Each structure stands twice: as structure tokens, then as C-alpha cells.
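**Student:** Structure provided below as C-alpha cells; questions to follow.
Numbering (this note's numbering), first residue to last: 712 to 812.
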């Protein structure tokens with residue numbers, strides 16, 4: 712049995728998506744803050760009113776939520792790989808034979 716049969720395409724996709732969310736959380740929060748502040752400022756100037764700006768409150772939680780989601784996806788992929796590996800390995804001697812065959 713080869714490594715390719717242990718790690719499926721969905722596992723690889725979950726790991727890549729999880730790592731992307733972990734790495735991009737801060738960047739997405741920065742972009743969100745910039746865009747929403749721009750929109751709020753322009754709306755306030757156009758309508759000549761003031762609005763409550765919740766941008767900074769939401770932007771504080773965006774990286775945390777995205778990082779947690781990324782970790783969950785990675786944990787799911789690793790758990791699936793471990794479950795598949797455990798189902799393949801029946802005895803210690805058979806494990807070496809099944810991975811090299």
C-alpha cells in the first residue's frame with residue numbers, strides 16, 4: 712500500500728485550505744477594515760450623518776475566527792489520515808509489509 716492511498720485528495724485540500732486560513736487571517740482582517748472604513752466614511756459624507764462604526768470590533772475577531780476554522784480543518788484532515796492508517800495496520804509485522812507493497 713502506498714502513501715497515496717492513505718492520504719486522499721480531500722485530505723490534501725483540507726490541509727491546504729486550513730493553512731491558507733491560518734496564514735491569511737490577519738491580511739483579510741486588514742483588508743476588511745480598510746474597505747469598511749472607506750465605505751462608512753463615504754456614506755457619512757454623502758448623507759451628512761454619523762453612523763456607529765463597528766469595523767474595529769469585528770476586525771478584532773476575524774483573524775481569530777479564521778485561525779480557529781483553519782485549525783479545525785487541519786485537525787479533521789489529520790484525524791482522517793490517522794483513522795485510515797489505523798485501519799490499514801492490523802499487526803506490527805503487517806504494517807511494514809502493507810506500506811512497502
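A virtual CB, placed ideally from N, CA and C, is assigned to each residue, including glycine.
None of the values given here were measured: they were computed from a predicted structure.
Can you tell which of 793, 789, 796 has the C-alpha that lies nearest to the C-alpha of residue 724?
**Tutor:** Numbered from its first residue, the chain shown carries residue 724 at position 13. The shortest Cα separation from residue 724 among 793, 789, 796 belongs to 789.
**Student:** Find the nearest neighbour of residue 731 within the set 766, 750, 748, 781, judged by alpha-carbon distance.
**Tutor:** The residue labelled residue 731 in the question sits at position 20 within the chain shown. The candidate whose alpha carbon is nearest that of residue 731 is 781.
**Student:** Let's see if you can read the secondary structure: which residues bound the alpha helix (DSSP H) around residue 722?
**Tutor:** Counting from 1 along the chain shown, the entry for residue 722 is found at position 11. First-last of the alpha helix (DSSP H) with residue 722: 720-758.
**Student:** May I ask which residues mark the beginning and end of the alpha helix (DSSP H) holding residue 767?
**Tutor:** Sequence index remark: in the chain shown, residue 767 carries index 56 (1-based). Start and end: 766-799.
**Student:** Nearest CA to the CA of residue 774: which residue from 728, 719, 737, 721?
**Tutor:** Numbered from its first residue, the chain shown carries residue 774 at position 63. Here the closest residue by C-alpha is 737.
**Student:** Would residue 785 be called buried (16 or more neighbouring beta carbons within 10 Å of its own) or exposed?
**Tutor:** Numbered from its first residue, the chain shown carries residue 785 at position 74. Per the 10 Å Cβ criterion, buried.
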